[in-house]
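>
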Amino acid sequence: MTKLIIDTTDNKKTTIKLQLGEESDEITEVALPKSQNALILIDKILRKNKLKPVNIDEIEVNAGPGSFTGTRVGVAIANALGFGLDVKVNGKKSKEVLPKYF
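For the sequence shown, position 67 (counting from the first letter as 1) is numbered 66 according to numbering that gives the first Met the number 0, and the numbering increases by one without interruption.
As structure tokens, then:
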């Protein structure tokens, strides 16, 4: 099962994680604004693991608390990908997402 985890709630960074069964891979970017780099990071992590978007089975997104704009960006990306790929999207609070994955 391949799970994409999106966290854009932090003001200073964007974190994208790919959970591949027991293994995981993570990319964190500080340079660009969330709206400009989240999709680029998703593409990078998929290419790095030789996967395509259709290989994603589930999407989890940090739904706050955090930056309002960052939260909206992450949730919008997760919902768009979920709709386009027909996969389940889970919005989780920071305390539920962060200890388990980050």
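Just so it is clear, CB atoms sit at the ideal spot from N, CA and C, and this is done for glycine as well.
As the structure is a computational prediction, the values presented were derived from the model and not from experiment.
1) Express the C-alpha separation of ILE41 and ASN61 in angstroms, rounding to a whole number.
2) In or out: LEU19 buried (at least 16 other Cβ within 10 Å) or exposed?
3) Just verifying my parser: in three-state terms, what is the DSSP assignment at VAL86?
4) If we ignore side chains and look at the alpha-carbon of each, how far apart do ARG71 and ALA77 end up?
5) Give a yes or no on whether the C-beta atoms belonging to THR14 and THR27 are separated by under 8 Å.
Taking the geometry as given:
1) Within the sequence shown, the letter at position 62 stands for residue 61. Within the sequence shown, the letter at position 42 stands for residue 41. For ASN61 and ILE41, the distance between alpha carbons rounds to 15 Å.
2) Here the question's residue 19 lines up with position 20 in the sequence shown. That one is exposed.
3) Along the sequence shown, one-based indexing puts residue 86 at 87. It is coil, neither helix nor strand.
4) Residue mapping note: residue 71 aligns to position 72 of the sequence shown, counting from 1. Residue mapping note: residue 77 aligns to position 78 of the sequence shown, counting from 1. Each residue's Cα considered, the two are about 10 Å apart.
5) On the sequence shown, residue 14 is found 15 positions in, with the first residue counted as 1. On the sequence shown, residue 27 is found 28 positions in, with the first residue counted as 1. A contact, by the Cβ cut-off of 8 Å.
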